[in-house]
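Chains as they are written, first to last, in the working numbering: chain A, 3 to 525; chain B, 51 to 294.
Printed below as a string of structure tokens:
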């Protein structure tokens, strides 16, 4: 528990700095766009209807979807700029996060600013004209100060929303306080989840209070009060950003972007690769908790330099193949096709699979003499299958079922945690499992062999982006990992992170996994 | 059309009252003077210069304006309200401050009111501030839109009389819009009666008190005359029947 808290605190400066960076940038842009737009909209009814309509429409898009939509949009834009100007636009990380959050911040600011400006008493506006103010003086000296309380209420709403929604930026590869939440959810590290939520909430509350001070200062005409609030915001933002300045040093060493999808094994492997690159003197940037489909496209587009994926996933999702090839043939065909179609280099297989398999309690399997799927088929009518929520509808299951003629007494679906528990309490006899899951070893389970090779293989493979294909630093640091990680070693590392007692961080698990591996070869 | 074929000449130093029911066009006519409204056709001249040719904000800074209900800026202190036009004209701050003090004295408000906000003042005090603001930049011309309409009769009388004094002492030219004929008779030296965008009569108060040919003008003046006679009769009766 204490160790988890220490680990969380160690990441805080970096996560907080990035979170403040994207939130503050998005809010500043939101203000810059909304305020002039509000002035125009308050004067012109037609503009008002159109602008508020569009902003309202954007607001109805769920924030996660808005973030996700910017990725393909920027990817297309990148292809366009590549063709016309020869430069690409980064489609992952800072840019999509800030763009989506800016769009999200616009509506509350815009709507309140329009309401505030239109709510100024027409008699007071006439008085401003009557005492001889120019339209600009009237706006700045009368309309803006009188609308300010309503405008500031909108700015405060936008700030709280933006700081909250910025946690979602993690899913498009932008570091934020969401890194705690996403990784914590996947590794069932509730200390991280609570820590991330708490930090984001605290940030939102502090920002809101400082803005409240500015609001109160403006309403009561107390210059010192709103200056104090503004100074607090500026100084606070500045302080939060300091870790980024030191990180952005002038180091000449190459920087590699390592991607990870959203589960423990991916975090551990990314840590392992990162540690090896840093040991070789390179700098490393991590993009964690990426969506499965996003990761490969990001690599192909050069937004990532390296990540680990699984042969079966790439075979069906990227190459669109439905046939099942023997393990070695599939790997060589995959290697050829990824290079040919996407310019992506397959550095090699790490040595273990993370496939859908069937597992049983070891004593029960021994007692019934079941070691393979073929053995299982004979006993299946007396046994009950427990599956995770999607297994029974996946192609792997139909392939196994038809290849071995599996016909169970009953089939039940569970949340993975409860599925393992049901096997322990013997409510079910056989379960679907991921072959590198740490609980296979911890719960003393056996994985049934697949003598017919009916299920597609899911070898963990290291992929390099097109621009890093011949990067000597990267290749020499990571090549020793090829074929070096056994499924037993990976299970143990996963278990360290996933278990409830004496939980380790992915970094600690990676360090344990990495001991004894061959050192980096000189390039 | 709010106003049609209105022709008025206002000599310097005059106190003109524009009188009529709502919708008669009296306010529209007054607002063309400082270009709060620009007429579709026709011309307004001040000292021979057509106001349409002048920059509207510059013109308005030279003309005092007392708004209906005061029209004070709620987010500015009384001092800032009074000093707003001098500030727009670029007066130095110390000169503005001493001018604000002078004006508070002129409208008979204590000096510490300068730091208060309009919402903290009574209606009568707000109207005094509005008069002070109109006079701040030493205009020669003052326009007043129902200046004392929302006040109780006593305050109204006090303020009206006080303003009349300032008008004479400062040598102002004043155009006042009011729907109250009695107020017009008491304050103005010339009364312009409007109906449906046209001038119905342009007379002195004395002339207005003579028997009128136009039935509308006659009806307008009949009410205050009847009230005055009624009160006089009551006073006379009271004197006769009072116990000795």
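Ideal Cβ placement from N, Cα and C applies to all residues, glycine included.
Check	Outcome
For residue 89 of chain B and residue 102 of chain A, what's the separation of their Cα atoms in angstroms?	49 Å
Taking only runs that begin and end inside the region 377–423 of chain A, name each unbroken alpha helix (DSSP H) of 4 or more residues, in chain order.	397–406
Between residue 63 of chain B and chain A, is the shortest Cβ-Cβ distance under 8 Å, so that the two count as touching?	no
In the DSSP assignment, the beta strand (DSSP E) including residue 126 of chain B goes from what residue to what residue?	Taken as a continuous stretch (DSSP letters only), residue 126 of chain B belongs to no beta strand (DSSP E), as it is neither H nor E.
Tell me which same chain residues have a C-beta within less than 8 Å of the C-beta of residue 396 of chain A, skipping the five on either side of it?	358
Taking Cβ-Cβ distances below 9 Å as the criterion, which residues of the region 121–137 of chain A are in contact with chain B?	123, 125, 126, 128, 129, 130, 131, 132, 133, 134, 135, 136 and 137
If you count every other CB in all the chains shown that lies within 10 Å of the CB of residue 173 of chain A, and 16 or more means buried, which is it?	buried
With which residues is residue 289 of chain A paired in a DSSP beta bridge?	A:261
Out of A:247, A:327 and A:144, point me to the one whose CA is closest to residue 123 of chain A's CA.	A:144
Measure the alpha-carbon distance for residue 500 of chain A versus residue 306 of chain A and round it to whole angstroms.	26 Å
Using DSSP with H/G/I as helix, E/B as strand and the rest coil, what is residue 172 of chain B?	coil
Note down the Cα distance separating residue 164 of chain B from residue 136 of chain B, rounded to an integer number of angstroms.	15 Å
By Cβ distance, which residues of its chain are closer than 7 Å to residue 437 of chain A, with the 5 residues on each side in sequence left out?	355, 356, 357, 359, 449 and 489
Look up residue 309 of chain A in the DSSP assignment and say whether it is helix, strand or coil.	strand
For chain B, check one thing: does any of its Cβ atoms lie closer than 8 Å to the Cβ of residue 176 of chain A?	no
Could you pull out every residue in the same chain whose Cβ sits closer than 8 Å to the Cβ of residue 252 of chain A, ignoring the five residues on either side in sequence?	Unreliable positioning characterises residue 252 of chain A in this predicted model, as indicated by a pLDDT of 44, which lies under 50. The coordinate reading is nonetheless provided below. Once the five neighbours on either side are set aside, residue 252 of chain A has no close Cβ partner at all.
Can you look up residue 475 of chain A in the DSSP assignment and give me helix, strand or coil?	helix
Return the CA-CA distance between residue 110 of chain B and residue 92 of chain B, expressed in angstroms with no decimal places.	19 Å
DSSP state of residue 136 of chain A, grouped into three classes?	coil
Which residue or residues does DSSP assign as beta-bridge partners of residue 67 of chain B?	B:226 and B:241
In chain B, what lies closer than 7 Å to residue 119 of chain A by C-beta?	Going along chain B, no residue has its Cβ under 7 Å from residue 119 of chain A, so there is no contact; the nearest lies around 14 Å.
Whole angstroms is fine: what's the gap from residue 190 of chain A's alpha carbon to residue 96 of chain A's?	27 Å
Going by the DSSP bridge assignment, what does residue 248 of chain B pair with across the sheet?	B:245
From residue 525 of chain A to residue 203 of chain A, what does the alpha carbon distance come to, in whole angstroms?	Residue placement at residue 525 of chain A is flagged as unreliable, the pLDDT there being 46, under the threshold of 50; a coordinate-derived value is accordingly withheld.
With the cut-off set at 8 Å, would you say residue 484 of chain A and residue 316 of chain A are in Cβ contact?	no
For the alpha helix (DSSP H) containing residue 2 of chain A, list its first residue and its last residue.	In the structure displayed, chain A extends from 3 to 525; residue 2 of chain A sits before or after that span and is not available.
Output the distance between the C-alpha atoms of residue 84 of chain B and residue 209 of chain B, rounded to the nearest integer angstrom.	24 Å
Going by CA-CA distance only, name the one from B:99, B:227 and B:256 that's closest to residue 70 of chain B.	B:227
Chain B beta carbons: is any one of them nearer than 8 Å to that of residue 84 of chain A?	no
Taking only beta-carbon atoms, is residue 152 of chain A less than 8 Å away from chain B?	no
Pick helix, strand or coil for residue 461 of chain A, following the three-state DSSP scheme.	strand
Confirm, please, whether the CB-CB distance from residue 116 of chain B to residue 194 of chain B is below 8 Å.	yes
Using a C-beta cutoff of 8 Å, does residue 252 of chain A count as contacting chain B?	Any reading at residue 252 of chain A is ruled out, since the residue's pLDDT is 44, under 50, leaving its predicted position unreliable.
Do residue 186 of chain B and residue 119 of chain B have their beta-carbon atoms positioned less than 8 Å apart in this structure?	no
Please classify residue 446 of chain A: does DSSP put it in a helix, a strand, or coil?	coil
Indicate the three-state DSSP secondary structure (helix, strand or coil) for residue 56 of chain A in the structure shown.	helix
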